[in-house]
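Position in the sequence shown (first residue = 1) + 22 = my numbering. Idealized CB from N, CA, C, for every residue including glycine. On a predicted model such as this, the values are computed, not experimentally measured, just so you know. Here is the structure we will look at.
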Amino acid sequence: MADILRLSPAICAYPDDKCENLQIEVVLPGVEKKDISFKISENGFYIKATKEGVEYTDSYPIYCPVVPEKAVANYSNGVLKVTVPYQQPLEKLVDVKIE
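Here it is, written out as structure tokens:
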């Protein structure tokens, strides 16, 4: 049996322009959509994706609770993009002056 290389995928998570949704981008080069499993809760998410000889897997915390039932995802060109609304949008953000 061949060894499987286990890797953490490259992840980028950030609020959208209106600070209403969390945007999650996961880089999964060479993986087919059918081989991706993405699970999300209010305070974290788990990704597992496989291709020949490689398994991408990891879990990540979410520090501002989200509404997992409203998450939407699409996969194109090796990048999984997930959008999920925050439970309470980040309304009271204050600009911090950087000196």
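Residues that tyrosine 108 bridges to, as DSSP identifies them: Val88
Across the stretch 96-113 and the stretch 47-63, are there enough close Cβ pairs to call them in contact, namely three or more that are closer than 8 Å? yes
Beta-carbon gap between proline 31 and alanine 71 smaller than 9 Å: yes
In whole angstroms, what is the alpha-carbon distance linking proline 87 and glutamate 74? 35 Å
In three-state DSSP terms, what is aspartate 80? strand
How about glutamate 91 and isoleucine 26: do their beta carbons lie closer than 9 Å? no
Those residues which DSSP pairs with cysteine 34 across a bridge: Glu47
Buried or exposed, going by whether 16 or more other CB atoms sit within 10 Å of the CB of asparagine 99? exposed
Among the residues of its own chain, which have a CB less than 6 Å from the CB of valine 53, if the five just before and after it don't count? Ala71, Lys73
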